[in-house]
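Below is one structure, written out as structure tokens; the observations come after it.
Protein chains: 2
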Amino acid sequence: MDCRCAALNLKGIAYEDAFHHLRRGEQRDPAYQELNRQGLVPTLEIDGKVLVQSLSILDYLDETRPDPPLLPADPAARARVRALAQIVACDIHPIDNLRVLNYLRKTLHQPEDAIERWYNAWIADGFYAIEAMLASTSETGRFCHGDNITIADICLIPQVVNARNFDLDLTPFPTLQRIYEAAMENPAFVKAMPSNQKDFE
Amino acid sequence: MDCRCAALNLKGIAYEDAFHHLRRGEQRDPAYQELNRQGLVPTLEIDGKVLVQSLSILDYLDETRPDPPLLPADPAARARVRALAQIVACDIHPIDNLRVLNYLRKTLHQPEDAIERWYNAWIADGFYAIEAMLASTSETGRFCHGDNITIADICLIPQVVNARNFDLDLTPFPTLQRIYEAAMENPAFVKAMPSNQKDFE
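The listed protein sequences correspond, in order, to chains A and B.
End of the first sequence sits at 200 in numbering that gives the first Met the number 0; the numbers just go up one at a time, nothing left out.
End of the second sequence sits at 200 in numbering that gives the first Met the number 0; the numbers just go up one at a time, nothing left out.
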């Protein structure tokens, strides 16, 4: 699952509008080619702009389409939600990114079982931190912050999907499991499941 | 250099107010102990709240102390600034974090020269992406976005300081070098240099 898809679904933005033919653009646009050469693959084309970096895209969507909001109004609550999202987006996802796994494989000659332990270690580390933050306060509700979906859930749920795919033991993370189950009752997340989003690249 | 120090200096917030005795708190507060046990070390105590995650802290400071602003007003410009900041905060910093380097050392038994190549590889990768984004548009000014300091500069400059300490060749990154030199003329960055900030932990 991709966090951008879940956010687009929640905001009621059709994928066709948002992800139109980046690959065709790739052949024409020197700026795109340069970004791509540098490994900075554009990740959302919207409003005539090509945006990169998932967290930045979530903020852009929330600032330009504020209904429903993906962040609470209070600055301290926003900081809590952003911190939860960033544990996934900074402390799990980049370390388990394909380019890092390929460095382990090709440059450090690590076998596949070591790669798998690496992958699961950083998910588990991040999940312990998130579970501790969620379980320690009544600010946590049906979702990561109260009963409304925020960018914390949007970042977290795809990572729980990954963990389930890799058979990570989720027993130590009961709050994450509960929030995952709540999210799976929401069509925005169901539609964003990899099996249900054929047009996304 | 720490991005939080640069932001606090720019906002005119004294460190003493912001970083008071987290270690003393550690011995008393069970919530802190739990977070710390999970590897989620609190990184800023301010307004009676303990905040984690650097990007979240920068947003909190900007939302509660809007003068001078660390983000432009236009949503697309904000997205560009956030994306630049996140290349550092998501795609460089977490992969070169101490816990990852220690995993390479202790679990994967990598020698120190391999650790150093790893460290520099991810800085260079991110710097190529940032240089491409900065050099390709007139939105770049004296700093990453126009002539005012934003969170993009606040995240980038400490990483340039790291790269210089590790003798990374900065020749391929002329725009980054120019912005680093501009930042070094600003007391907020000079005061945030590691040698000039003894009270920070």
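Where a beta carbon is used, it is the ideal one built from N, C-alpha and C, also for glycine.
- By the neighbour-count criterion, in which 16 or more other beta carbons inside 10 Å mark a residue as buried, residue 188 of chain B falls on the buried side.
- Assigned with DSSP and collapsed to three states, residue 180 of chain B falls in helix.
- Relative to residue 89 of chain A, the option among A/110, A/65, A/125, A/70 whose CA is nearest is A/125.
- Counting only runs of at least 3 residues, the segment 93–163 of chain B fully encloses no beta strand (DSSP E) element at all.
- In terms of Cα proximity to residue 7 of chain B, the closest of B/48, B/47, B/50, B/61 is B/61.
- Between the segment 42–60 of chain B and the segment 70–86 of chain A, the count of Cβ pairs shorter than 8 angstroms is three or higher; the stretches touch.
- It is roughly 23 angstroms from the alpha-carbon of residue 136 of chain B to the alpha-carbon of residue 63 of chain A.
- Taking all protein chains in view, the Cβ of residue 97 of chain B is surrounded by fewer than 16 other Cβ atoms within 10 Å, so the residue is classified as exposed.
- Under the Cβ distance rule, residue 158 of chain A does not count among the residues neighbouring chain B, no pair being separated by less than 9 angstroms.
- DSSP places residue 12 of chain A outside both helix and strand once states are collapsed to three, so it counts as coil.
- Contact of residue 94 of chain A with chain B by beta-carbon distance below 7 angstroms involves 93, 94, 99.
- No Cβ-Cβ contact shorter than 9 angstroms links residue 67 of chain B with residue 12 of chain B.
- Close to chain B, meaning a Cβ-Cβ distance shorter than 9 angstroms, are the following residues of the segment 76–93 of chain A: 77, 78, 79, 80, 81, 82, 83, 84, 85, 86, 88, 89, 90, 91, 92, 93.
- If you draw a 10 Å sphere on the C-beta of residue 77 of chain B, you find 16 or more other C-beta atoms in it, and that means buried.
- If you compare the alpha carbons of B/157, B/118, B/170 with that of residue 183 of chain B, the shortest gap goes to B/157.
- Taking the Cα of residue 47 of chain B as reference, the smallest distance to any Cα among A/59, A/75, A/44 is reached at A/75.
- Going by DSSP, residue 56 of chain A is part of the alpha helix (DSSP H) stretching over 53–63.
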